[in-house]
Amino acid sequence: MIAEILVRALVATSMLVSAPAPPGDWTTALEKVVHADVTQSVTLPGGDVLWVFGDTTRVNGVSTVGPWGYPHSAFARQTAGTLNFTAIPGPYGYGWQQVPNWSDGTYFWMSTPIVDNGTLYVIGERIRGVSPFTVVGPYVAVFDASTLAFQRIVALPAGATGTTMWGGVARTATGWWLTGTHPVAGKSVGDMAFVPFGRLADGTRWTVHDNVIPSSTEIGVVLALHRTATGWEIFTKRGDAYGGTQIERLTARTVLGTWTVNGLWDAPSPPGTITYAVAVHPEQTAPAGQVLVSYNVNGNEADYYPRFLYLPGVARQTLE
Numbered sequence: 001m002i003a004e005i006l007v008r009a010l011v012a013t014s015m016l017v018s019a020p021a022p023p024g025d026w027t028t029a030l031e032k033v034v035h036a037d038v039t040q041s042v043t044l045p046g047g048d049v050l051w052v053f054g055d056t057t058r059v060n061g062v063s064t065v066g067p068w069g070y071p072h073s074a075f076a077r078q079t080a081g082t083l084n085f086t087a088i089p090g091p092y093g094y095g096w097q098q099v100p101n102w103s104d105g106t107y108f109w110m111s112t113p114i115v116d117n118g119t120l121y122v123i124g125e126r127i128r129g130v131s132p133f134t135v136v137g138p139y140v141a142v143f144d145a146s147t148l149a150f151q152r153i154v155a156l157p158a159g160a161t162g163t164t165m166w167g168g169v170a171r172t173a174t175g176w177w178l179t180g181t182h183p184v185a186g187k188s189v190g191d192m193a194f195v196p197f198g199r200l201a202d203g204t205r206w207t208v209h210d211n212v213i214p215s216s217t218e219i220g221v222v223l224a225l226h227r228t229a230t231g232w233e234i235f236t237k238r239g240d241a242y243g244g245t246q247i248e249r250l251t252a253r254t255v256l257g258t259w260t261v262n263g264l265w266d267a268p269s270p271p272g273t274i275t276y277a278v279a280v281h282p283e284q285t286a287p288a289g290q291v292l293v294s295y296n297v298n299g300n301e302a303d304y305y306p307r308f309l310y311l312p313g314v315a316r317q318t319l320e
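Residue 1 is where the sequence shown starts when you use the UniProt record's numbering, and the numbers rise one by one after that.
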């Protein structure tokens, strides 16, 4: 009888782990570990998932904000198949920062993780100041994907205007498509870049396509790119960085084709905060025909964590 009960318990546990978790469970699990303004994820070589964060104000329920600031690049590891998250200490400030500041005081605000042949690349922005701040330009931080040890940081192309911020990524059979945006008259215009495998830290191998998505689509600053069964989709916050409370879905047959708005969902934020960056997490188990999407909230420290929901998006298994 005891053995039978144990077997039943193991089966039940396996089902809970393999089945899609409710969106609220995702929100609760990550909120306990990290509060930050941007959140993206990638599968590591061993099967666990690495979550990366930008400005980080709380870790394990304890404030990371000090008299000189707070971490701008943080990691947490998700045990494969579970909602168990562990914040990873960082050697470059405040106990959690993963990338050193430059000698002039500028810092790396990380955003987009990519694992490519044993190397972890994290794309982000070099920033001067906190409030107000200015963007120096896009960079990529390079790490060992197994040990997560920082190795170097390299400047990246910034598009024709010199102001493109890269924020989304999707894998193909030969390399990576990346999404970016640049500002025009208070709105965002979408750019694309293709990079062959192994060349993410070589700006000369980036092929940048400017002005792919017009500002009339009302895209936000960050475009979360996802391959689907019929083409491509993007999830983004509708409107600019500091306005709007909806997630917008755009679809296209090809990355460089015509992008059409094809869905809107509410993405509310608490009073005194704003709806912020959107990310897609295709490595996670999701209900049939859907994909896990997160959006961050920017504002006070207590509410500074991602919210989750499942949105339409069937992953394509054959890469082209």
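Yeah, the Cβ is synthetic: ideal placement off N, Cα and C, and Gly gets one too.
Just so it is clear, the structure is predicted and the values come from calculations on it, not from any experiment.
For Val142 against Thr119, the beta-carbon gap comes to about 6 angstroms, under 8 angstroms, which counts as contact. For Thr147, the secondary structure class from DSSP, reduced to helix, strand or coil, is coil.
For Glu125, the enclosing beta strand (DSSP E) covers residues 119-129. In this structure the segment 298-313 touches the segment 225-238; the number of beta carbon pairs closer than 8 angstroms is three or more.
DSSP places Arg58 within a strand segment (E or B) once states are collapsed to three.
Non-local C-beta neighbours of Glu125 in its own chain, meaning closer than 8 angstroms and more than five positions away in sequence, comprise Phe108, Trp109, Ser111, Val135, Val136, Gly137, Pro138, Tyr139, Met165, ordered along the chain.
The residue from Gly180, Val154, Ala170, Thr174 with its alpha-carbon nearest to that of Gly162 is Gly180. In the DSSP assignment, Asp210 falls within the unbroken beta strand (DSSP E) covering 207-213.
Contact between the segment 30-40 and the segment 254-269 is not established, with fewer than three Cβ pairs separated by less than 8 angstroms. When rounded, the separation of the alpha-carbon atoms in Ser63 and Arg253 is 45 angstroms.
Per the DSSP secondary-structure output, Tyr310 pairs in a beta bridge with Leu292. For the segment 223-265, the full-length beta strand (DSSP E) segments reaching 3 residues or more read 224-227, 232-237, 246-252 along the chain.
Pro306 is classed as buried because its beta carbon has at least 16 other beta carbons within 10 Å across all chains shown. Remark: C-beta atoms of Pro183 and Pro20 do not approach each other more closely than 9 angstroms. In the structure shown, the three-state DSSP call for Trp102 is coil. Judged by beta-carbon spacing, Met192 lies beyond the 9 angstroms limit of Val222, meaning their Cβ atoms are not closer than that value. Contact check for Val38 against Pro113 fails: the beta carbons are separated by 9 angstroms or more.
Ranked by Cα distance from Gln40, the options Tyr70, Gly69, Arg77, Gly46 are led by Arg77. Around the beta carbon of Arg238, a 10 Å sphere encloses 16 or more other beta carbons of the protein chains shown; the residue is thus reported as buried.
Between the alpha carbons of Arg171 and Glu248 lies a gap of roughly 22 angstroms.
The three-state reading of DSSP puts Gly66 in strand, counting E and B together.
DSSP, reduced to helix, strand and coil, places Trp96 outside both helices and strands of the structure shown, so it counts as coil.
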